[in-house]
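Respectively, the protein sequence lines represent chains Z and Y. Residue numbering for the first sequence follows our numbering, beginning at 17 and increasing consecutively. Residue numbering for the second sequence follows our numbering, beginning at 17 and increasing consecutively. Ideal placement from N, C-alpha and C gives every residue a C-beta, glycine not left out. Bear in mind the structure is a predicted one, so any value in this text is a computation, not a measurement. Shown next, in structure tokens, is the structure this report addresses.
There are 2 protein chains.
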Amino acid sequence: MIVKKYHEVEKTNVIEEGAQDVSIRWLIGKDSHAPHFYLRHFEIEPGGYTPYHAHPWEHEVFVLEGSAQINTKNESIPLEKGSFALVMPGEEHQFENTGDTTFKFLCAIPETGKK
Amino acid sequence: MIVKKYHEVEKTNVIEEGAQDVSIRWLIGKDSHAPHFYLRHFEIEPGGYTPYHAHPWEHEVFVLEGSAQINTKNESIPLEKGSFALVMPGEEHQFENTGDTTFKFLCAIPETGKK
């Protein structure tokens with residue numbers, strides 16, 4: 017069993033192309049030996065965004081703080097504290113902070129996804 | 017893609033033996049066709065607790081509000097907003113509200129777990 021506080025986990029900048037002012041904490045990652053899926057904590061600063069992209073694994077997202085939108089092929093959908101999302105494999109998506117505070121969210125991915 | 021707010025999802029009481037004042041929302045469940053894992057939102061009222069038990073699937077937990085403890089075979093570990101936990105398959109555990117407000121947390125389980 018692992019029990020910790022999220023801020024005890026090291027935060028690193030996401031340097032992937034197309035990402036702006038995004039950081040990540042791997043709360044439950046490969047090192048945890050979690051059998052099926054991993055849990056990450058993201059922060060996007062005001063004006064920041066994740067890459068607009070698609071990949072063959074899903075996201076399960078829950079918004080903790082701030083406001084943003086998820087940009088998809090056809091629309092932009094607002095997100096606020098208490099919003100959740102399922103992004104299916106292959107769906108194009110981008111998270112974009114639309115507020116003036118840090119946007120914080122959880123994003124879980126399957127063990128078969130990006131390491 | 018599914019985007020919703022958690023309070024839009026129906027909340028039902030957990031009537032499992034050993035549960036006291038616990039309710040659940042299946043944010044991302046079987047109906048969502050999520051490929052690998054599901055996301056649930058739990059509330060435990062003051063004085064309430066989940067069953068003390070073990071099962072062959074893991075939990076990945078993130079605390080949203082309130083204070084509680086996770087009771088295990090050997091100890092009780094405090095939980096507060098921003099705490100997270102990985103409960104491995106087979107580990108005995110119970111979530112118990114130790115505060116005077118509703119304890120709210122997310123709990124993700126693999127698709128192979130309890131439906």
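Contact between the stretch 72 to 84 of chain Y and the stretch 116 to 124 of chain Y is present: 3 or more CB-CB pairs across the two stretches fall below 8 Å.
Here the C-alpha atom of F100 (chain Z) lies approximately 23 Å from the C-alpha atom of E61 (chain Y). With its beta carbon at least 8 Å from every one in chain Z, A70 (chain Y) lies outside the interface. One alpha carbon belongs to V19 (chain Z), the other to G63 (chain Z), and they sit about 33 Å apart. Within 8 Å of the CB of I40 (chain Y), no CB atom of chain Z is found; the nearest one sits about 14 Å away.
Pairing E107 (chain Z) with H69 (chain Z), the inter-Cα distance amounts to about 8 Å.
When beta bridges are read from the DSSP output, W42 (chain Z) appears opposite Z:R56. Rounded to the nearest whole angstrom, the C-alpha separation of K21 (chain Z) and T118 (chain Z) is 18 Å. Taking 8 Å as the upper bound on Cβ-Cβ separation, chain Z lies near residues G98, S99, F100, A101, L102, V103, M104, P105, E107 and H109 of the stretch 97 to 115 of chain Y. At a cut-off of 8 Å between beta carbons, P126 (chain Y) contacts chain Z. For E33 (chain Z), the CB contacts under 8 Å within the same chain, skipping 5 residues up- and downstream, are P67 in chain order. Partner residues in a beta bridge of A35 (chain Y), as assigned by DSSP, do not exist. Along the stretch 61 to 87 of chain Y, the positions whose C-beta sits under 7 Å from a C-beta of chain Z are E74, E76, F78 and I86, read in chain order.
Here N87 (chain Y) is bridged, per DSSP, to Y:S92 and Y:Q110.
With respect to chain Y, the C-beta atom of F58 (chain Z) has no partner C-beta closer than 8 Å.
Residue range S99 to V103 is occupied by the beta strand (DSSP E) that includes A101 (chain Z). In this structure, DSSP gives E26 (chain Z) a state outside helix and strand, which the three-state scheme calls coil.
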